[in-house]
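Read through the structure below, which is laid out as structure tokens, and then see the notes.
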Amino acid sequence: MYMMGAIQVKTLLMLTSQLSGYPIPTDVPLPEIKVMTDAEMAKEACDGDLLCPVIGFFQHPEDADDHKEHIGIAIEDGFDLNATAIHELTHWLQYHNWPQPHDRRCPREFLREFEAYEAGMRYSVTYQHAVPPKDGISFPGTTCPYTEKPWATYSGH
Ligand SMILES: [Zn+2]
-3 MYMMGAIQVK
7 TLLMLTSQLS
17 GYPIPTDVPL
27 PEIKVMTDAE
37 MAKEACDGDL
47 LCPVIGFFQH
57 PEDADDHKEH
67 IGIAIEDGFD
77 LNATAIHELT
87 HWLQYHNWPQ
97 PHDRRCPREF
107 LREFEAYEAG
117 MRYSVTYQHA
127 VPPKDGISFP
137 GTTCPYTEKP
147 WATYSGH
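Under this note's numbering, the first residue of the sequence shown is numbered -3, with each subsequent residue one higher.
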């Protein structure tokens, strides 16, 4: 495990801000990103179960034992580290831009994942020449049902 360097974090955060449309808050320190092997991620996120499906997480400070926010991403075959970081940094930007960021009710939880997957997809298409999936993107990790326009209820987020 290592901490991603501050310059790389800042660069990825600027990209994420552009891709997601959220401004970077000026009143909070830069996030720290822990880069882990898949075994370390399994230990951290799945009680050591090596079939752990988690490749990244943003832990809200109110859910953390030390009341600090945590971002972790795993080095896994077939997954781009930067795209995973952009997904989790979108959650970080949402957290610092949304009112009541710890409100986990639907459909806002769907919106949270929708925006993060969309930013990751935009990154892959724009910078890595990925082909956008014809059938849209899926949203593993959300506990809310699919909503046609989750943002309609939340003008200005
Ligand atoms: Zn997510």
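Think of the CB as a built atom: it goes at the ideal place given N, C-alpha and C, for glycine as much as any other residue.
Every value quoted in this text rests on a predicted model; they were computed, and no experiment measured them.
If I measure Cβ to Cβ from residue i and keep anything under 6 Å in the same chain, skipping five residues before and after, which residues do I get?
i	result
M0	I29, V31
A112	H83, T86, H87
Within 10 Å of its beta-carbon, does residue i have 16 or more other beta-carbons around it, so buried, or fewer, so exposed?
i	result
I51	buried
S16	buried
Counting only the same chain and skipping the five closest in sequence on each side, list residues whose C-beta sits under 7 Å from that of residue i.
i	result
H92	P21, V24
K6	L26
Look up residue i in the DSSP assignment and say whether it is helix, strand or coil.
i	result
I71	strand
Q55	strand
F135	coil
T22	coil
H98	coil
K6	helix
Tell me, which residues are paired with residue i by DSSP?
i	result
I29	I67
Y(-2)	V31
If you draw a straight line from the alpha carbon of residue i to that of residue j, how long is it in whole angstroms?
i	j	result
D45	M37	9 Å
Got a sec? Which residues, its chain only, sit under 8 Å from residue i by beta carbon, not counting five neighbours each side?
i	result
K130	none
E105	T138, T139, C140
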